[in-house]
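Here the working numbering is used: the first residue of the sequence shown is 222, the next is one more, and so on.
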Amino acid sequence: MENKVLVILKNIFNILARNDKLFLESNNLVEFSDSEIKTPIGDIFPFLLNQKSNLKDQIIDTNFLVKLVDALSKNNSIVRLNHIGFCYKVDSQEKEKERLIELIKQSKFHLYQEQSNDDGLWLFIGNTDDWENPLIELLPVEKTNDHWVDYWLPHIQIDIDTALTGKEIEDTVRSTFNNTIEPYQIKIDGVVYIVRNRIGVIGGVNINIDLATNSRNVQIARQNSLIKVI
């Protein structure tokens, strides 16, 4: 039986594929089916269900997403799919990292780690030899006593690089979604690097689309910030 989360995700990625740069190529990095999310470490979907959000199902009308992709494509604003992220609950981040290392040893990919500015563990799967290749991000979380935890645990984020400023992204999102969602700016030292757009929650899993601004230098980040674990 199809899971409603997977049905929504497949629909979202079919919409994103309207732009060739967002098409999930057959590189064995991630594949959505009716029953699983296949990755180099196996099916990641059950881990998203370790601790589900208590929020009621609420997903935006995907017709708005079609308009967004078409608007961004029309002015060649989409650069690439940067990564697909999965945030999930674990009992031990250390043990989870050890588990991932053993699984990656059996694949053709590498495991990378980026220094975290919070309690999370920021891990990436892929191959940065070609820095433009998309990655998988894994965010295993131990602490869940945050008041807003239901809005971010668990979650799937689709991160897309654009050629736009934060304001240009916000204006495009607001116009194509008819102000049905509230874009959220993620800043570092006052600079907007990402505009997060909450698509909603379904089956206890939150879904976000992050549109990165032209302030983010992906090549530098991939080559300098990601430390190869294995």
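Note that the Cβ used here is the ideal one computed from N, Cα and C, for glycine as well. Because the structure is a prediction, the values reported are computed rather than measured.
Query: Classification of E358 by the beta-carbon crowding that lies within 10 angstroms, buried from 16 upward; Result: buried
Query: Sheet register partners of Y414 (DSSP bridge); Result: None; Y414 has no bridge partner.
Query: Whether N303 touches A384 by CB criterion (8 Å); Result: no
Query: Within 8 Å, strictly: CB atoms of I428 and H376; Result: yes
Query: Through-space distance from N445 to E257, alpha-carbon basis; Result: 33 Å
Query: Terminal residues of the alpha helix (DSSP H) in which G387 lies; Result: 387-397
Query: Whole-number beta carbon distance between T401 and L293, since they are thought to touch under 8 Å; Result: Not quite, the Cβ-Cβ distance comes to about 17 Å (not below 8 Å), so this is no contact.
Query: Local Cβ density within 10 Å of Y405, reported as buried at 16 or more and exposed below that; Result: exposed
Query: Bridge-paired residues (DSSP) for W373; Result: DSSP lists no partner for W373.
Query: Closest Cα partner of D371 within the set R395, V412, K310; Result: K310
Query: Collapsed DSSP secondary structure at F253 in the structure displayed; Result: strand
Query: Per DSSP, the bridge partner or partners of T260; Result: G263
Query: Through-space distance from N435 to T283, alpha-carbon basis; Result: 25 Å
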